[in-house]
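2 protein chains.
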Amino acid sequence: MTRIFDDPADFADDQLAGFLDLYADRVRGVHGGVVSHRGERPQVAVVIGGGSGHYPAFCGTVGPGLATGAVVGNIFTSPSAAQAYSVGKAANQGRGVIFSFGNYAGDTINFGIAAERLRAEGIDTRIVVVTDDVASSDTEEERRGIAGDFTVFKVMGAAAAEGLGIDEVERLGNAANAATRTLGVAFSGCTMPGEEEPLFSVPEGHLGLGLGIHGEPGIRDVPMLPARDLAALLVDDVLKNTPAGAGRNVGVILNGLGTTKYEELFLLWRHIAPRLRDAGCELVEPEVGELVTSLDMGGCSLTLMWLDDELDALWRADAYTPAYRKAGAPVAALREPTADELADAEAVVTAPVAGEAGRRMAGTVRAALAAVESVIRENEHELGRIDAVAGDGDHGRGMVKGVTAATARIAECGDDVGGGWLLQQAGQAWAERAGGTSGVLWGAALESLGRHLGDTADSYPASTVAAGAREFAATIQLLGGAEPGDKTLLDALLPFVDELERRVGDGADLAEGWTAAAGIATGRARETAELRPRIGRARPLAEKSLGTPDAGATSMALVLTAVGTVLTSGEENA
Amino acid sequence: MTRIFDDPADFADDQLAGFLDLYADRVRGVHGGVVSHRGERPQVAVVIGGGSGHYPAFCGTVGPGLATGAVVGNIFTSPSAAQAYSVGKAANQGRGVIFSFGNYAGDTINFGIAAERLRAEGIDTRIVVVTDDVASSDTEEERRGIAGDFTVFKVMGAAAAEGLGIDEVERLGNAANAATRTLGVAFSGCTMPGEEEPLFSVPEGHLGLGLGIHGEPGIRDVPMLPARDLAALLVDDVLKNTPAGAGRNVGVILNGLGTTKYEELFLLWRHIAPRLRDAGCELVEPEVGELVTSLDMGGCSLTLMWLDDELDALWRADAYTPAYRKAGAPVAALREPTADELADAEAVVTAPVAGEAGRRMAGTVRAALAAVESVIRENEHELGRIDAVAGDGDHGRGMVKGVTAATARIAECGDDVGGGWLLQQAGQAWAERAGGTSGVLWGAALESLGRHLGDTADSYPASTVAAGAREFAATIQLLGGAEPGDKTLLDALLPFVDELERRVGDGADLAEGWTAAAGIATGRARETAELRPRIGRARPLAEKSLGTPDAGATSMALVLTAVGTVLTSGEENA
Numbered sequence: 005m006t007r008i009f010d011d012p013a014d015f016a017d018d019q020l021a022g023f024l025d026l027y028a029d030r031v032r033g034v035h036g037g038v039v040s041h042r043g044e045r046p047q048v049a050v051v052i053g054g055g056s057g058h059y060p061a062f063c064g065t066v067g068p069g070l071a072t073g074a075v076v077g078n079i080f081t082s083p084s085a086a087q088a089y090s091v092g093k094a095a096n097q098g099r100g101v102i103f104s105f106g107n108y109a110g111d112t113i114n115f116g117i118a119a120e121r122l123r124a125e126g127i128d129t130r131i132v133v134v135t136d137d138v139a140s141s142d143t144e145e146e147r148r149g150i151a152g153d154f155t156v157f158k159v160m161g162a163a164a165a166e167g168l169g170i171d172e173v174e175r176l177g178n179a180a181n182a183a184t185r186t187l188g189v190a191f192s193g194c195t196m197p198g199e200e201e202p203l204f205s206v207p208e209g210h211l212g213l214g215l216g217i218h219g220e221p222g223i224r225d226v227p228m229l230p231a232r233d234l235a236a237l238l239v240d241d242v243l244k245n246t247p248a249g250a251g252r253n254v255g256v257i258l259n260g261l262g263t264t265k266y267e268e269l270f271l272l273w274r275h276i277a278p279r280l281r282d283a284g285c286e287l288v289e290p291e292v293g294e295l296v297t298s299l300d301m302g303g304c305s306l307t308l309m310w311l312d313d314e315l316d317a318l319w320r321a322d323a324y325t326p327a328y329r330k331a332g333a334p335v336a337a338l339r340e341p342t343a344d345e346l347a348d349a350e351a352v353v354t355a356p357v358a359g360e361a362g363r364r365m366a367g368t369v370r371a372a373l374a375a376v377e378s379v380i381r382e383n384e385h386e387l388g389r390i391d392a393v394a395g396d397g398d399h400g401r402g403m404v405k406g407v408t409a410a411t412a413r414i415a416e417c418g419d420d421v422g423g424g425w426l427l428q429q430a431g432q433a434w435a436e437r438a439g440g441t442s443g444v445l446w447g448a449a450l451e452s453l454g455r456h457l458g459d460t461a462d463s464y465p466a467s468t469v470a471a472g473a474r475e476f477a478a479t480i481q482l483l484g485g486a487e488p489g490d491k492t493l494l495d496a497l498l499p500f501v502d503e504l505e506r507r508v509g510d511g512a513d514l515a516e517g518w519t520a521a522a523g524i525a526t527g528r529a530r531e532t533a534e535l536r537p538r539i540g541r542a543r544p545l546a547e548k549s550l551g552t553p554d555a556g557a558t559s560m561a562l563v564l565t566a567v568g569t570v571l572t573s574g575e576e577n578a
Numbered sequence: 005m006t007r008i009f010d011d012p013a014d015f016a017d018d019q020l021a022g023f024l025d026l027y028a029d030r031v032r033g034v035h036g037g038v039v040s041h042r043g044e045r046p047q048v049a050v051v052i053g054g055g056s057g058h059y060p061a062f063c064g065t066v067g068p069g070l071a072t073g074a075v076v077g078n079i080f081t082s083p084s085a086a087q088a089y090s091v092g093k094a095a096n097q098g099r100g101v102i103f104s105f106g107n108y109a110g111d112t113i114n115f116g117i118a119a120e121r122l123r124a125e126g127i128d129t130r131i132v133v134v135t136d137d138v139a140s141s142d143t144e145e146e147r148r149g150i151a152g153d154f155t156v157f158k159v160m161g162a163a164a165a166e167g168l169g170i171d172e173v174e175r176l177g178n179a180a181n182a183a184t185r186t187l188g189v190a191f192s193g194c195t196m197p198g199e200e201e202p203l204f205s206v207p208e209g210h211l212g213l214g215l216g217i218h219g220e221p222g223i224r225d226v227p228m229l230p231a232r233d234l235a236a237l238l239v240d241d242v243l244k245n246t247p248a249g250a251g252r253n254v255g256v257i258l259n260g261l262g263t264t265k266y267e268e269l270f271l272l273w274r275h276i277a278p279r280l281r282d283a284g285c286e287l288v289e290p291e292v293g294e295l296v297t298s299l300d301m302g303g304c305s306l307t308l309m310w311l312d313d314e315l316d317a318l319w320r321a322d323a324y325t326p327a328y329r330k331a332g333a334p335v336a337a338l339r340e341p342t343a344d345e346l347a348d349a350e351a352v353v354t355a356p357v358a359g360e361a362g363r364r365m366a367g368t369v370r371a372a373l374a375a376v377e378s379v380i381r382e383n384e385h386e387l388g389r390i391d392a393v394a395g396d397g398d399h400g401r402g403m404v405k406g407v408t409a410a411t412a413r414i415a416e417c418g419d420d421v422g423g424g425w426l427l428q429q430a431g432q433a434w435a436e437r438a439g440g441t442s443g444v445l446w447g448a449a450l451e452s453l454g455r456h457l458g459d460t461a462d463s464y465p466a467s468t469v470a471a472g473a474r475e476f477a478a479t480i481q482l483l484g485g486a487e488p489g490d491k492t493l494l495d496a497l498l499p500f501v502d503e504l505e506r507r508v509g510d511g512a513d514l515a516e517g518w519t520a521a522a523g524i525a526t527g528r529a530r531e532t533a534e535l536r537p538r539i540g541r542a543r544p545l546a547e548k549s550l551g552t553p554d555a556g557a558t559s560m561a562l563v564l565t566a567v568g569t570v571l572t573s574g575e576e577n578a
C-alpha cells in the first residue's frame, strides 16, 4: 500500500520535487520532467518517459551513459504532449532528440505530437517505441513495453554517450527493441496513493501470468509455483520467443515490480541462470533488481536481449544515474585470492602436540563428557518441563543435542591429543549443533576452558582447574551479559566457582572441592527452579540470551555433579 | 508477503546461492557468507553481518570501499560463531579483522566467540557494535543497530580501502557510531517465507514509532500522518538526539524498509531536506533508498551522521558493491547549461507575421470556435448520456473543457496573428486541458490543421481548406490508430472529409461543400450512436485511445455543423 503522501492528486509532482532536491548536482527540473546536466561534448538527446509509479523508470535512469532526459507523467498516466515537448527541447544539445517509451496509446499520441512540434521548430526528432512484452500480443507492433524499456534505453544511452549520430542511435535503439523479449508475472496488485483498495488483484494463491505493469490483462492465472518451477516457466516462455537469427549472448534482467524483494529475486536467479545456460545462452552482465516497478505491486519479470557485437558493447558500457550505476573498472581491478592466500584462509587449525599431563587430562575429559551426556539424556524430559514454565520447553532437547555433538566430535579426535584441545573441539561442536543462545554459551565456555588449560603444562593442579572454572563462568558472563539473580545458569555456576576456589585455596584436592561445590550449585539450582519468574524489566541481553533461566541452572548443577563423580572415581582409580 | 521460495527453511542459503552466481566476478562464497575479491594492496578486513532479510544489508554492500566480507545468518537470526569465524578468516588479508554488526544479543555473542577464536590463531580481531536506534533505549550501550549500520560500515570500509591500520579503522568506526542517530517508523509488518500471516502488525491507519527492524517494540503507535508531518516527526526526534559537540555537516540516509517505494521516499525527502536545512544542517551527499530493509515491511527511517572532517571525507568516498555504488567522477564531469544553451532550450516560439489572407482567416477561426463552444455547451449533457452507455460518461465534460481552454487561449492572442497560428494555439490548449485521449486527439488535429494552413498564403481557396480537413483527419488516424468502423469520431469525420473533397472538386464553394458534408457526418454519427458496441477484440490502440466511440462521432458532427453555419453566414456577410 502507498502510505506516504500529502495530497494524493499531487503525488507525482511532489515526489519529483524531492528527487530534484536530492540530485540537484546532476539533473535539473524543467516543465514536465528532468534533464541531465551536460557532458563535455554535445550528444544526441535520448528522452525517455511515461507515467510515474515505475521508479527507477523513468527519471532514475537519467545521467551519463543512459537517458538525457525523462518526461514524468502522473501515476500510470502518459505525460502530456506539452510536457514531452518541453523536456525534449530542454534536453536537445543540437544533435537531435530521440523519444523512447513503452507502447501505450497515450504515450504514442503525446510523444508523437511533441515530436511534430519539435520538428516544426527544426529539431530533428525520432521515436523508438519499446514492445518487449511477449504476453501482450503475438505481433510486435501491438506488444506493450515493460521492463525491456531498460535494455532499449541503455543501448541508446550508451550509443549517444559514445558520440554517435541520431541515425545510428535510432537504428541501435530499434535493433535493441527487436532483440528484446520480456515475460512478467504478478503476485499482487498495487495501490494508488490515497486509495485503500488495490487497483487490481490476483486471486489468492495464484500468480497472474503476463499481467501488465498497470494491471492490464495477462494470459491466465495459474496456481502459485515453487521458485524452481516459476523460473522454468519464465525461462521457457521467453526462450520460445527467441528472435530469428539470435546468437548465444544475452543481456538479462530479472526485474522486481515493487514488493518482491531482492532476496526473492536472488533465490529465483539461482534457478534461472543455470536453466538459461543449459539452453545454450551465454549470460552477459545480468541485472537482478528493480528497474521498472509498478508502485507496490508484487511480481517480477524476465527480460532477455539477444546481443550481437554492437549491442553487446553498448549493454556492457558504463553508466551513472541516480538509480543505475555501472563501472567496469572497480571490478576489473579485483582478483581472486592466490593459492597461498587461499591456503591461509582455509588452513585448518591442527591440534598442538600434547604433553603427558595434557594427554592424561584427555582421558578425564572423555569420561566427564560421557557422564554428562548420560545424565542429560536421563533428565531431558524434566529439563523441558521446568523450561516450559517460563520458556518454550526446549532446554532439555537443546542440551542433548549439544552434548551429543560434543561427544561425537571428540570421538573423531585421535588418542594423542590433549584434554584442552578436546574441550575446544567439544565446545565448537556444542555451539554449532545445540542451537539457541544457551547452546552458544555452553559451547563458548567449554572452548575457553579448553584454551585456558591448554595441553602443554607439566601438570594440572586443582588451582589451575579452579581458575579454568572461573574462566568458564567469565565467558558466559561476558557473552551473555546476565548478572547473578537474573535467573540464569549463572545462579548455579557462580556459587559453584566461588566454593571451588575457596575449598581449593584451603588445600582441598580437586575431587573433594568440586563435589562440595557441586552440592552448593544443586541447592541453588533448586531454589532458582522454584522461584517465580522475576517481575520487572530484565536487561535486554539477559532477557534474550538466557531465555530458559530455571532449567539452565538445573542442567548446570546436573553437569557439575556428574563431572564431580568422574573426578572422584578417577582419583580412586589413580 | 514473501512469495518466491522453494523450501522456506532453506531461504537464506538459497538466496545466497543466487547472489553468488550473479556476482561471481567480484565475490566468492565461503562457509557462512561472502568475501570480496582482493584489491591491489592488502587491507584491514571489515566483516559485517547479521541475519538475512535485510538486503542490501549485509552481502549487498561487500566490495571496494565498503565491506570486505559479510556473514549471512538465517532470516532475522544471528549467524553462528562458526560462520563468523569462517568469513573472518577468509576475509583476513594479514592486516587484521574488524567485525561490525548491529547491537543484538545473538550477534554480540556469536561474533564475540568468533573473534576469540581468530585471536587464538594470532589474527588481530576487533569488534565495532552499531547502536544508532534512538527509540530503543536512552543509553548508547543498550540501543539497537538499524540503518546506522550503513554509515558505520561505509566509514570503516572507506578507511580500510585507504590503507589505514586496524587501530585507525576501529577508532573511526567507533567515532562513526558515536556520531550516528536513527529513528524509524513502521506502517506494516513483514511476512517470513512460507508464512501466511505477518510476523507482527501495526494497527490499521497507524504507524509504529521506533519499531525495530524485526518488529521489536517501538515507542508508541500514532495515527498515520501526512508526509509533511511525518517528516517533521522524524527530523525533530533525531535532532533532539544530536550528539554533544556536533557540527553542522551531516551525512543523511532516508532508508526504506521494503514495501515503501522510492517515490514515497522522495516525496518525504521533499519535506525532510528543507526542515534539516532550516535547523542549520548542511546535508552532505544524502542517500534516499533501501539500505537496510526488513523483508516486505512497510516503513522508513531517518539516519543522521554528524561529520567532522575525517568522517566527512570517508562518507564522500567512492565505493562499488552489488547494491551500493558511488563514484564522484561522472557527476563532477557534468555541468549546468550555459546561458546561451538555456536560452535555446527555453526559447518561446513566437507567431509568424501573418499576411492579409491569414489575418482574415483569423476572424473566421475566432467565430467558428465561439460557435463550437456554444453548441458543445448546449449538448454537454446529451454527449455525457451517450458516452455513459459504453464509457465513463465524461465526454461532454471533456469537450467543454477543451473548447473553453481553446477559446480562452486565442482570446489572449493579439489581433495581428493569423488563423493558422490561432488554430495551433487552440489545439495546444485543448489537448492540455481537456484530458483523456479524445482531448489529445482533438488538440493535435487542430494544431496540425493550423500548421497546414499557415498564415502566409495569399489566399485560402476551398481546396486548401479541404486538404487541411484531410490533414486534420489523418492526424487523428495516425495518433489514435483507429480505423473506420471502430465506432470512433472517425466514423463521422472521414465521410465528412470524403464528401467535402468531392463537392469542392466538383466546384462547390467552401460553405456549400462544408454544409453538405456536415449533413453526411450528422447522419453517420446518429447511426454510430445507435449501434450496439462492436463485439470482439478491438485493436489495443483503438480500444484505449477512443474509449468513448458513440459520443465522439456525435460531438464531431455537432462541431462540423456549427462551423458550417459560421462559414455560410461569413459568405453572406462578405
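From first to last, the protein sequence lines are chains R and X.
Residue 5 is where the first sequence starts when you use the numbering used here, and the numbers rise one by one after that.
Residue 5 is where the second sequence starts when you use the numbering used here, and the numbers rise one by one after that.
All residues carry an ideal CB built from backbone N, CA and C; glycine is no exception.
In this text, all values refer to a predicted model and were calculated from it rather than measured experimentally.
Could you work out which residues of chain R lie near residue i, taking near to mean beta carbons separated by less than 7 Å?
{"i": "residue 23 of chain X", "result": "270"}
{"i": "residue 41 of chain X", "result": "338, 339 and 340"}
{"i": "residue 56 of chain X", "result": "267"}
{"i": "residue 191 of chain X", "result": "7"}
With DSSP as the reference, label residue i as helix, strand or coil.
{"i": "residue 275 of chain R", "result": "helix"}
{"i": "residue 190 of chain X", "result": "strand"}
{"i": "residue 232 of chain R", "result": "helix"}
{"i": "residue 339 of chain R", "result": "strand"}
Using a Cβ-Cβ cut-off of 7 Å (strictly less than) and excluding sequence neighbours within five positions of residue i, which residues of its own chain qualify?
{"i": "residue 167 of chain X", "result": "45 and 47"}
Have a look at the options and flag the residue whose alpha-carbon is nearest the alpha-carbon of residue i.
{"i": "residue 92 of chain X", "options": "X:108, X:121, X:334 and X:488", "result": "X:121"}
{"i": "residue 79 of chain R", "options": "R:130, R:299 and R:494", "result": "R:299"}
{"i": "residue 160 of chain R", "options": "R:150, R:250, R:149 and R:172", "result": "R:172"}
{"i": "residue 28 of chain R", "options": "X:132, X:90, X:290 and X:72", "result": "X:290"}
{"i": "residue 320 of chain X", "options": "X:253, X:385, X:194 and X:363", "result": "X:253"}
Given residue i, which residues of its chain have a CB within under 8 Å of its CB, disregarding the five upstream and five downstream residues?
{"i": "residue 264 of chain R", "result": "191, 302, 303 and 304"}
{"i": "residue 232 of chain X", "result": "275"}
Excluding the 5 residues preceding and the 5 following residue i in the sequence, name in chain order all residues of the same chain whose CB lies nearer than 6 Å to its CB.
{"i": "residue 273 of chain X", "result": "258 and 292"}
{"i": "residue 200 of chain X", "result": "none"}
{"i": "residue 561 of chain X", "result": "496, 525, 526 and 529"}
Against residue i, what residues of chain X qualify as contacts under a CB-to-CB distance less than 7 Å, listed in chain order?
{"i": "residue 230 of chain R", "result": "10"}
What does residue i reach in chain R if we use C-beta pairs closer than 8 Å?
{"i": "residue 15 of chain X", "result": "267 and 271"}
Who are the neighbours of residue i on chain R, taking C-beta pairs under 9 Å?
{"i": "residue 286 of chain X", "result": "Neighbours of residue 286 of chain X on chain R: none; closest Cβ ~14 Å, over 9 Å."}
{"i": "residue 202 of chain X", "result": "Chain R residues near residue 202 of chain X: none, gap ~13 Å exceeds 9 Å."}
Selection of the stretch 310 to 342 of chain X by Cβ proximity to chain R, strictly under 7 Å: 324, 329, 331, 334, 335, 337, 338, 339, 340 and 341
With 7 Å as the limit, tell me which residues of the stretch 389 to 418 of chain X have their beta carbon closer than that to any beta carbon of chain R; keep them in chain order. none
Quick one: which residues of the stretch 438 to 455 of chain R get their C-beta closer than 8 Å to a C-beta of chain X? List them in chain order. So the close ones are 441, 444, 445, 447, 448, 451, 452 and 455.
Any C-beta of chain X within less than 8 Å: which residues of the stretch 70 to 87 of chain R qualify? 84, 85 and 86
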